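In what follows, a single structure is set out as structure tokens and then discussed.
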Amino acid sequence: MQFGYSETCLAHDTGKRHPETADRLRAIRRALAKRHGAEYVDASSATDEDVASVHDDDYVAEIREFCEGGGGNWDPDTVASEDTWDAALASAGLSQWGARAAVEGADARDTPFAIGRPPGHHAVEDDAMGFCFVNNAAVAAQTVIEADDLDVERVAIFDWDVHHGNGTQDIFYDRGDVFYASVHEDGLYPGTGEVDELGAGDGEGATLNAPLAAGAGDADYHLFVEDVLRPAVERFDPDLFIVSAGFDAHRHDPISRMRVSTEGYAQMTDGVRSIADDVDAGLAFVLEGGYGLDTLSEGVAIVHETFDGRSPLELEEAPDEKTVSLVEELRDAHGLDD
Numbered sequence: 001m002q003f004g005y006s007e008t009c010l011a012h013d014t015g016k017r018h019p020e021t022a023d024r025l026r027a028i029r030r031a032l033a034k035r036h037g038a039e040y041v042d043a044s045s046a047t048d049e050d051v052a053s054v055h056d057d058d059y060v061a062e063i064r065e066f067c068e069g070g071g072g073n074w075d076p077d078t079v080a081s082e083d084t085w086d087a088a089l090a091s092a093g094l095s096q097w098g099a100r101a102a103v104e105g106a107d108a109r110d111t112p113f114a115i116g117r118p119p120g121h122h123a124v125e126d127d128a129m130g131f132c133f134v135n136n137a138a139v140a141a142q143t144v145i146e147a148d149d150l151d152v153e154r155v156a157i158f159d160w161d162v163h164h165g166n167g168t169q170d171i172f173y174d175r176g177d178v179f180y181a182s183v184h185e186d187g188l189y190p191g192t193g194e195v196d197e198l199g200a201g202d203g204e205g206a207t208l209n210a211p212l213a214a215g216a217g218d219a220d221y222h223l224f225v226e227d228v229l230r231p232a233v234e235r236f237d238p239d240l241f242i243v244s245a246g247f248d249a250h251r252h253d254p255i256s257r258m259r260v261s262t263e264g265y266a267q268m269t270d271g272v273r274s275i276a277d278d279v280d281a282g283l284a285f286v287l288e289g290g291y292g293l294d295t296l297s298e299g300v301a302i303v304h305e306t307f308d309g310r311s312p313l314e315l316e317e318a319p320d321e322k323t324v325s326l327v328e329e330l331r332d333a334h335g336l337d338d
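Read in order, the letters of the sequence shown are residues 1 to 338 in the UniProt record's numbering.
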């Protein structure tokens, strides 16, 4: 794979005890150094105007001023330093690079994966939250839709982070040109992402949420990807498929109760690659969460290995009955049996 990476992202300083630290990127780089074929690209940073394409102008000015003034606690969880805005722009720029590269034909072993920080999927139009300041996946999607030199009309975003990407959902909730799907732990921060959150106006039906019960594992995620996500994305028929790739649903991640294995991420990777191929869409990955350094680095590495030719192992378990019922509910809610 091609990994979008910038040293600028390391400068975002959250303090000694915060789970979202620069060590996350360092751990990923160490893991990839042991794998074959990983390449790195340093892309241009996003501009304030790029960010304002999905965020309010007043918020962009306010958060820039806050960081330039030395930062601090924006909220109890979301910490900024003097260099945070530069890091956020760099992270968004990497996501823009990944989206553009995918649309322009980078695939197979050249599939792009933006490994920037801070992450983005909780950042709403007018606020930072959940460690996120700029919604990287949203900026990337909007960039390629607006680009005069690209023929992109529709973008699908699949968020497999353990937390619901409330920011991405909110930004595109009333739009029909961006499909947002999330699989996440039910009841976990930020408490959004219910089945009946389907979109509004032009975006009605373009939001899909799968709040899985705590303890869900590989078979549960696989069932959702194949029986819900696949037909929904095929019907939407996007030009670009972005994966908001958090690795905090891993069974050993310290802040969730899910049971996805490293092999489970290989299976999901293989699934989204197959879906993107079937709809002839470019495919790009954007890093979100993941707070166990070993599990995060293993997760990113297994995505890379899957594109480098490794086949996922077969599932050895069956999905939970709660997941089977949820999948039936989702298929009904989104008319996937019609």
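All C-beta atoms, glycine included, are put in the ideal place defined by N, C-alpha and C. All values derive from a computational prediction rather than experimental measurement.
Judged by their CB atoms, S91 and G116 are nearer to each other than the 9 Å cut-off. Rounded to the nearest whole angstrom, the CA to CA distance from H36 to D308 is 8 Å. About 12 Å separates the CB atoms of M268 and A216; that is not less than 8 Å, and the two are not in contact.
Excluding its 5 nearest sequence neighbours in each direction, A52 has C-beta neighbours in its own chain below 6 Å: V60, listed in chain order.
For A266, same chain residues with a beta-carbon under 8 Å away, outside a window of 5 residues either side, are I302, V303, E305, T306, R310, P312 and L313 in chain order.
Shown here for D48: same chain residues with a beta carbon closer than 6 Å to its own, the five before and five after excluded, namely V60 in chain order.
The three-state secondary structure of M129, taken from DSSP, is strand. The beta-bridge partner set that DSSP reports for Y180 consists of I157 and T207. Here D278 really is in contact with E234; their C-beta atoms are around 6 Å apart, less than 8 Å. Taking a cut-off of 8 Å for Cβ pairs, the region 157 to 175 and the region 72 to 89 do not touch, as fewer than three such pairs fall below it. Taking the CA atoms as reference points, Q96 sits about 4 Å from A140. By the Cβ rule, the region 125 to 136 does not count as touching the region 174 to 188, because fewer than three pairs are nearer than 8 Å. In this model, A87 and T168 are separated by some 19 Å (Cα to Cα).
D239 and A101 have their C-alpha atoms some 13 Å from each other. With a minimum length of 4 residues, the unbroken runs of alpha helix (DSSP H) contained wholly in the region 46 to 81 fall at 48 to 51 and 57 to 68.
Nearest C-alpha to A128 among V144, F113 and V54: V54. Distance between P119 and L89, taken at the CA atoms: about 11 Å. Contact check for D248 against Y291 passes: the beta carbons are separated by less than 9 Å. Per DSSP, the beta-bridge partners of G4 are V41 and A114.
Within the same chain, G292, D294 and T295 come within 8 Å of H252 by CB-CB distance, once the 5 residues on both sides are set aside. Taking a contact as a CB-CB distance under 8 Å, the pair F158 and S244 counts as one, their CB atoms being some 7 Å apart. Out of D177, A123, A27 and T323, the CA that lies nearest to the CA of D77 is found in A123. Under DSSP, A245 shares a beta bridge with L287.
Beta-bridge pairing by DSSP links H250 to V260. A276 is classed as buried because its beta carbon has at least 16 other beta carbons within 10 Å across all chains shown. Per DSSP, A31 is one residue of the alpha helix (DSSP H) stretching across D23 to A33. Its chain contains D177, P238 and D239 as the residues whose beta carbon lies nearer than 6 Å to that of R154, once the 5 sequence neighbours on both sides are disregarded; these appear in chain order. Nearest to A213 by alpha-carbon distance, out of F224, G70 and G203, is F224. Judged by their CB atoms, Y5 and L25 are nearer to each other than the 9 Å cut-off. C-alpha of R109 to C-alpha of T207: approximately 30 Å in a straight line.
In the DSSP annotation of this structure, the continuous segment of the alpha helix (DSSP H) that includes L326 starts and ends at E321 to A333. Residue nearest to H163 within the set H121, F113 and D107 is H121 (criterion: CA-CA distance).
D218 is positioned such that its CB atom lies closer than 9 Å to that of E263.
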